[in-house]
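*Asks:* Have a look at this one before I ask anything.
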Amino acid sequence: MTEKEYIEIRGAKAHNLKDVSLDIPRGKFVVVTGLSGSGKSSLAFDTIYAEGQRRYMDTLSTYAKHFMGVLEKPEVESIDGLSPIVAIEQKTTGNNPRSTVGTITEISDFLRLLYARASRAYSPVTGKEMVRYTDDQIVSLIISEYAGRKCFLLAPLVRGRKGHYRELFEQLRKRGYTDVRVDGEIVPLSGIESVDRYKSHFIELVVDKLKPSEGDGKRIRDSVTAALGLGKGSVAMLDKDSGEIRHYSKHLVDPESGISLQEPAPHSFSFNSPEGYCPHCKGLGMIVDVNLDTIIPDRSVSVADGGIVPLGKVRETKKFDIIRAIARKYGFSLFDPIDTVPDEAISHIIFGSDDLFRIGEGAQSEMVSFGGIVEDISDKVVCPVCGGTRLNENTKCFRIDGKTISDVSAMEMTDLQEWFATLPGKLNSREMTIARDILKELRERVNFMIDVGLEYLSLDRATSSLSGGESQRIRLATQIGSKLVNVLYILDEPSIGLHQRDNRKLINSLKTLRDEGNSVMVVEHDLETMMSADWLVDVGPGAGEKGGKICLNAPLNLVLPDPEKPSPGKDVMSHCILGESLTLDYLLGRKSIPVPQSRRPGNGHFLSLKGARGNNLKNVSVDFPLGCLIGISGVSGSGKSTLINETLMPVLKNRFYRAKMRPLEYSSIEGIEYLDKLIEIDQSPIGRTPRSNPATFTGVFGDIRTLFEDTPDAKVRGFKAGRFSFNVPGGRCEACNGAGIKVIEMNFLPSVNVVCDECRGKRYNEDTLAVRYKGKSISDVLQMSISEAYEFFKPLPKIATKLKAMVDVGLGYISLGQSAVTLSGGESQRMKLAAELQRNATGNTLYILDEPTTGLHFEDIKVLLGVLQQLVDQGNTVIVIEHNLDVLKSVDYIFDLGPEGGRKGGMIVAQGTPEQISRNPDSVTGPYLAEVL
2 MTEKEYIEIR
12 GAKAHNLKDV
22 SLDIPRGKFV
32 VVTGLSGSGK
42 SSLAFDTIYA
52 EGQRRYMDTL
62 STYAKHFMGV
72 LEKPEVESID
82 GLSPIVAIEQ
92 KTTGNNPRST
102 VGTITEISDF
112 LRLLYARASR
122 AYSPVTGKEM
132 VRYTDDQIVS
142 LIISEYAGRK
152 CFLLAPLVRG
162 RKGHYRELFE
172 QLRKRGYTDV
182 RVDGEIVPLS
192 GIESVDRYKS
202 HFIELVVDKL
212 KPSEGDGKRI
222 RDSVTAALGL
232 GKGSVAMLDK
242 DSGEIRHYSK
252 HLVDPESGIS
262 LQEPAPHSFS
272 FNSPEGYCPH
282 CKGLGMIVDV
292 NLDTIIPDRS
302 VSVADGGIVP
312 LGKVRETKKF
322 DIIRAIARKY
332 GFSLFDPIDT
342 VPDEAISHII
352 FGSDDLFRIG
362 EGAQSEMVSF
372 GGIVEDISDK
382 VVCPVCGGTR
392 LNENTKCFRI
402 DGKTISDVSA
412 MEMTDLQEWF
422 ATLPGKLNSR
432 EMTIARDILK
442 ELRERVNFMI
452 DVGLEYLSLD
462 RATSSLSGGE
472 SQRIRLATQI
482 GSKLVNVLYI
492 LDEPSIGLHQ
502 RDNRKLINSL
512 KTLRDEGNSV
522 MVVEHDLETM
532 MSADWLVDVG
542 PGAGEKGGKI
552 CLNAPLNLVL
562 PDPEKPSPGK
572 DVMSHCILGE
582 SLTLDYLLGR
592 KSIPVPQSRR
602 PGNGHFLSLK
612 GARGNNLKNV
622 SVDFPLGCLI
632 GISGVSGSGK
642 STLINETLMP
652 VLKNRFYRAK
662 MRPLEYSSIE
672 GIEYLDKLIE
682 IDQSPIGRTP
692 RSNPATFTGV
702 FGDIRTLFED
712 TPDAKVRGFK
722 AGRFSFNVPG
732 GRCEACNGAG
742 IKVIEMNFLP
752 SVNVVCDECR
762 GKRYNEDTLA
772 VRYKGKSISD
782 VLQMSISEAY
792 EFFKPLPKIA
802 TKLKAMVDVG
812 LGYISLGQSA
822 VTLSGGESQR
832 MKLAAELQRN
842 ATGNTLYILD
852 EPTTGLHFED
862 IKVLLGVLQQ
872 LVDQGNTVIV
882 IEHNLDVLKS
892 VDYIFDLGPE
902 GGRKGGMIVA
912 QGTPEQISRN
922 PDSVTGPYLA
932 EVL
């Protein structure tokens, strides 16, 4: 049987897909594109990936399925020619504080192995290299170094520990030994019974008295073997005349001070293991910042009245039950002023205690421990003991080429690559034999990270601080490293957060995956990625209900003829679909986003941030012109988010909203008086529950309910506005609690959503639905699309203005009652912009948007820019962190950071209008801007 050349999809109906059928070639680089909300993710993830995942689960045993749960079959008639699928999605890597770039790429695992096997140990006391010997080496060293000198062979038994050691001396006497060295003095065993049990002691046994010479080899060997047995692998030689002592050991030992270290193992360098982590922060690198003055601002207030701020006022909770138990133990009342409460009790409440406290009455009572309220404090500071390295002091004793494992983890990928390349010349032959294979793995993994444009990351960077695009590219690097073939890789916008310069590296990485024999499918809007593809799929023509059809499914060289590539043959043409494609209009230049005629000079005022030096910023000072659309550009890792999101935004939030955020270091800020509020517009969902929808989010639903309350039908029945809410009992259908659907739990199948049989999905009961406004019930209104609702409510300005704002941002296709959890990131963001547009403009607002074009098609970007220009025309200031050239060419002023990412970045290399930036030789973004201007 021949292998299928195409993935054949028939009858896909997931979400808004209109029963689509298409063939996608295998072993090619395919880009799926279309408007935000047109159904591209429904095709790539909810159909193709979901089916691949389900088929894999079907191969597992019934026992395994019992734990994994069952995946429902996606809404598609058939898919043929599917390979195993790996999806690399846009989700962040999670917020585990122990997860770092090194742990998720497995580079740290190999690095720990390298340090455990090939590092050299240095004494923490003298700084000299520590040594380990074999039995034979010890014997020959004693004969050569102590020849003809009177000396004692000692076996260390007790090192700096308290006790009377009566039994130890008794035992040694029975075994026939005569002398012992106690705290530096040799005394006969017959004259010592015990020592002071409250002092620390050093006790060594005199195993033999020697004057070594060549002929004494056998005697010395026997004595050394006995001494090593008693001293657990360590012996010492004491010169009788000079009193100098020298240590020998089969373990790592400092020959001068006698300090020995355990043999290192990989877990000795792990911050997730008790052997390796810093005992103070337990391997987190950060500790809770406890500032007692902010926790207890006024000591004359009682605990019950909220004197301990994180606790609040007294209420019936388990935490307060424990605090009452502490109060009983220390004999105070929660209503006493805090300055009369014993300090020990306050310490227990704040820092916790290992003691157990009894809470509850009679048979219901239980003994519990209390971790203190520090567990609820989110402010963190760098651990003062390990300085943020997460590792204990012992790990600093092991070095390769003079560097500890913490030094190496703090290096950026480019520096790491250079260091690994120079290592072979710096290791001796034994170390090189051990390190050869480990170094090969390390070099490969670091090269993959550099290939996907992450050369500015370091291994100790916490994954919680990575952007979605960065964590996706790390997973991509891991996949390239796995060297699989015949796999279908599906990626969700991998170019997010990537500068044009690094984008080419990413495209080459994707082509590498394809050339190894895999199929690569990318959901993407980036022009360059589309132009590099072998095959293009365009889903459209509109979004939501107006989308869900295939407008284009063809090889790129058919729609954009390339003289270097042969035109596709008839066999390929039979798999193509050619329709009206909006994407193609942009690719062929029939449509474009216009460059503004003029640039705004601003209103003459500036917001000046001076001396920003957080993360990699090099004492940056910026004067943001107010009343402008400002773009912040620069390569990935150059410090854009540090400057705006971690320095400027917290400063303004603290000033306007009394937030308690901690901005990164800066010297001063001026010009805040020209602003009256700050609004951050990101792509997070507008609501966390399925009950949240555009009507409730924008507040228009309240006005619509009031309108229904005023209808004659409602007045006759005595219905108030609350009757028309599906969230409270009264007017809603009680069978489904106003959700319109019921969830049926299936024991070992996934739970199924069915339309409620009482209200048939209308959410309300019969009486409520009988009330009509212009012939429409409240349920009919929720099912209208926003543009339809706008026409319907046009005569009512209060409702129409809110709806018009949503139509203006291009969301007219969404229905008013559509669940918020089904909206894409781009849609959620524009919904927030719509909510801003309908507010009364003060003209002094600062809006901050971080990469707003994520998930947006050219047409969506055109609409978004229209909205942002509208906000600026009202006198507001908009700051956009962006790589998208269509946005950067449309702004009034650009600050370009660089010149590189990581340590080599953090400076403003150019600033000015887009035209000035495109001509500036120092700007990294300039040459790319010049192409679009």
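Using my numbering, read the sequence shown as starting at 2 and increasing by one per residue. Beta carbons: idealized from backbone N, C-alpha and C, even for Gly.
Taking the beta strand (DSSP E) that Leu553 falls in, what are its first and last residues?
*Replies:* Numbered from its first residue, the sequence shown carries residue 553 at position 552. Its beta strand (DSSP E) spans residues 550–556.
*Asks:* Alpha carbon to alpha carbon, what distance is there between Phe859 and Ile594?
*Replies:* Translated into the one-based positions of the sequence shown, residue 594 becomes position 593. Translated into the one-based positions of the sequence shown, residue 859 becomes position 858. Straight-line Cα distance between these residues: approximately 8 Å.
*Asks:* Are the beta-carbon atoms belonging to Pro542 and Cys552 less than 8 Å from one another?
*Replies:* To locate residue 542, count along the sequence shown from 1; it is residue 541. To locate residue 552, count along the sequence shown from 1; it is residue 551. Cβ distance < 8 Å, so Pro542 and Cys552 count as in contact.
*Asks:* Quick one: measure Cβ to Cβ for Arg718 and Asn766, integer angstroms, because I've assumed they're closer than 8 Å.
*Replies:* Within the sequence shown, numbered from 1, the residue matching residue 718 stands at position 717. Within the sequence shown, numbered from 1, the residue matching residue 766 stands at position 765. The Cβ separation is near 12 Å, so there is no contact.
*Asks:* What are the start and end residues of the beta strand (DSSP E) that includes Glu759?
*Replies:* Here residue 759 is taken as the residue at index 758 of the sequence shown, counted from 1. Counting along the chain, Glu759 sits inside no beta strand (DSSP E), nor does DSSP assign it H or E at all.
*Asks:* Indicate whether Pro75 and Asp47 have their beta-carbon atoms separated by less than 8 Å.
*Replies:* As a position in the sequence shown, residue 75 is number 74, starting the count at 1. As a position in the sequence shown, residue 47 is number 46, starting the count at 1. Cβ distance < 8 Å, so Pro75 and Asp47 count as in contact.
*Asks:* My output table needs one value for Met2: the three-state DSSP class, helix, strand or coil.
*Replies:* For this step, residue 2 is matched to residue 1 along the sequence shown. Per-residue confidence for Met2 stands at a pLDDT of 37, beneath the threshold of 50, marking its modelled position as unreliable; the derived number appears in the next sentence. In this structure, Met2 counts as coil in the three-state DSSP scheme.
*Asks:* For Arg591, count neighbouring C-beta atoms within 10 Å of its own C-beta (all shown protein chains included) and say buried if the count is 16 or more, exposed if not.
*Replies:* Walking along the sequence shown from the start, residue 591 turns up at place 590. Exposed, since its Cβ has fewer than 16 Cβ neighbours within 10 Å.
*Asks:* Using DSSP's beta-bridge definition, name the partner residues of Thr34.
*Replies:* In the sequence shown, residue 34 corresponds to position 33, counting from 1. Bridge partners of Thr34: Asp539.
*Asks:* Determine the contact status of Phe709 and Tyr791, defining contact as a CB-CB distance below 8 Å.
*Replies:* Taking the sequence shown and counting its residues from 1, one reaches residue 709 at position 708. Taking the sequence shown and counting its residues from 1, one reaches residue 791 at position 790. No, the pair does not count as a contact, with Cβ atoms beyond the cut-off.
*Asks:* Between Ser195, Ala328, Ser141, Ser726, which lies nearest to Lys763 when the distance is taken from Cα to Cα?
*Replies:* Working through the sequence shown from its first residue, we reach residue 763 at position 762. Per the Cα distances, Ser726.
*Asks:* Considering only C-alpha positions, which residue in the set Val488, Leu489, Asn487, Ile508 is nearest to Ser496?
*Replies:* As a working mapping, residue 496 is identified with position 495 in the sequence shown. For the residues Val488, Leu489, Asn487, Ile508, the minimum Cα distance to Ser496 belongs to Ile508.
*Asks:* Going by C-alpha to C-alpha distance, which of Arg198, Lys41, Gly856 sits closest to Gln684?
*Replies:* Residue 684 sits at position 683 when you count from the first residue of the sequence shown. It is Gly856 whose Cα lies nearest to the Cα of Gln684.
*Asks:* Hey, which unbroken runs of the alpha helix (DSSP H) at 4 residues or more fall wholly within the region 676–712?
*Replies:* 695–699, 701–710
*Asks:* What residue does the beta strand (DSSP E) around Thr878 start on, and which one ends it?
*Replies:* As a first step, residue 878 must be located in the sequence shown, where it is residue number 877. Note, Thr878: beta strand (DSSP E), 878–882.
*Asks:* With H, G and I counted as helix, E and B as strand and the rest as coil, what does DSSP make of Tyr587?
*Replies:* Looking up residue 587 in the sequence shown gives position 586. If DSSP states are grouped into helix, strand and coil, Tyr587 belongs with the helices.
*Asks:* Would you call the region 337–354 in contact with the region 240–258, where contact means no fewer than 3 C-beta pairs closer than 8 Å?
*Replies:* Judged by Cβ distances under 8 Å, the region 337–354 makes no contact with the region 240–258, as fewer than three pairs qualify.
*Asks:* Distance check for Thr479 and Leu889, CA to CA, integer angstroms please.
*Replies:* Counting from one through the sequence shown, the residue named residue 889 turns up at place 888. Counting from one through the sequence shown, the residue named residue 479 turns up at place 478. Cα to Cα, the separation comes out at about 32 Å.
*Asks:* Using three-state DSSP, classify Gln172 as helix, strand or coil.
*Replies:* Start at 1 with the first residue of the sequence shown, and residue 172 comes out as number 171. Helix.
*Asks:* With burial defined as no fewer than 16 other Cβ atoms inside 10 Å of the residue's Cβ, what is the status of Pro602: buried or exposed?
*Replies:* Mapped onto the sequence shown, residue 602 falls at position 601. By the neighbour-count rule (16 or more Cβ atoms within 10 Å), Pro602 is not buried but exposed.
*Asks:* Could you check which residue in Leu630, Asn504, Asn616, Asp758 has the C-alpha nearest to that of Pro664?
*Replies:* On the sequence shown, position 663 is the one that residue 664 refers to. Minimum Cα distance to Pro664 is reached at Asn616.
*Asks:* Quick one: measure Cβ to Cβ for Ser84 and Val701, integer angstroms, because I've assumed they're closer than 8 Å.
*Replies:* Here residue 84 refers to the residue found at position 83 when the sequence shown is read from its first residue. Here residue 701 refers to the residue found at position 700 when the sequence shown is read from its first residue. 47 Å between Cβ atoms; not a contact.
*Asks:* Can you tell me whether DSSP reads Arg1015 as helix, strand or coil?
*Replies:* One cannot answer for residue 1015 here, as it falls past the ends of the chain, which runs 2 to 934.
*Asks:* Straight-line CA distance for Arg840 to Ala13?
*Replies:* Along the sequence shown, one-based indexing puts residue 840 at 839. Along the sequence shown, one-based indexing puts residue 13 at 12. If I take the Cα positions, the gap works out to 41 Å.
*Asks:* Can you grab the Cα-Cα spacing for the pair Arg444 / Phe421, in whole Å?
*Replies:* Your numbering for residue 444 matches position 443 in the sequence shown. Your numbering for residue 421 matches position 420 in the sequence shown. Answer to the nearest angstrom: the Cα atoms are 7 Å apart.
*Asks:* Determine which residues share a DSSP beta bridge with Ser609 and list them.
*Replies:* Taking the first residue of the sequence shown as 1, we reach residue 609 at position 608. Bridge partners of Ser609: Asp624, Glu671.
*Asks:* Does the ligand ATP have even one heavy atom less than 7 Å from the beta-carbon of Gly259?
*Replies:* By its list of ligands, the structure shown contains no ligand whatsoever, and the ligand ATP lies outside what it can speak to.
*Asks:* Is there contact between the region 812–819 and the region 785–802, where contact requires at least three CB pairs shorter than 8 Å?
*Replies:* Flag = yes, the region 812–819 and the region 785–802 touch.
*Asks:* From what residue to what residue does the beta strand (DSSP E) around Met287 run?
*Replies:* Start at 1 with the first residue of the sequence shown, and residue 287 comes out as number 286. Met287 -> beta strand (DSSP E) spans 287–289.
*Asks:* Roughly how far, in whole angstroms, is the beta-carbon of Asp861 from the beta-carbon of Gly811, given that I think they are within contact range, below 8 Å?
*Replies:* In the sequence shown, residue 861 corresponds to position 860, counting from 1. In the sequence shown, residue 811 corresponds to position 810, counting from 1. Their Cβ separation, rounded to whole angstroms, is 6 Å, which keeps Asp861 and Gly811 in contact under 8 Å.
*Asks:* From the DSSP output, in three-state form, read off Cys282 for me.
*Replies:* If you number the sequence shown from 1, residue 282 lands on position 281. Cys282 falls in the coil class under three-state DSSP.
*Asks:* Can you give me the start and stop residues for the alpha helix (DSSP H) that Leu104 sits inside?
*Replies:* Sequence index remark: in the sequence shown, residue 104 carries index 103 (1-based). Reading off the sequence, residue 104 comes out as Thr, not Leu. Per DSSP, Thr104 belongs to the alpha helix (DSSP H) from 102–106.
*Asks:* Hey, which unbroken runs of the alpha helix (DSSP H) at 4 residues or more fall wholly within the region 404–468?
*Replies:* 406–410, 414–423, 430–452
*Asks:* Find out if the Cβ-Cβ distance for the pair Glu682, Tyr848 is shorter than 8 Å.
*Replies:* Locating residue 682 in the sequence shown gives position 681, counting from the first residue. Locating residue 848 in the sequence shown gives position 847, counting from the first residue. It is worth fixing the name first, because residue 682 is Ile in this sequence and not Glu. In this structure, Tyr848 lies closer than 8 Å to Ile682 by Cβ.
*Asks:* With 16 as the cutoff for other CB atoms within 10 Å, does Tyr331 come out buried or exposed?
*Replies:* Locating residue 331 in the sequence shown gives position 330, where the first residue counts as 1. So Tyr331 counts as exposed.
*Asks:* Under a three-way DSSP split, which group does Val196 fall into?
*Replies:* On the sequence shown, position 195 is the one that residue 196 refers to. Coil at Val196, not helix or strand.
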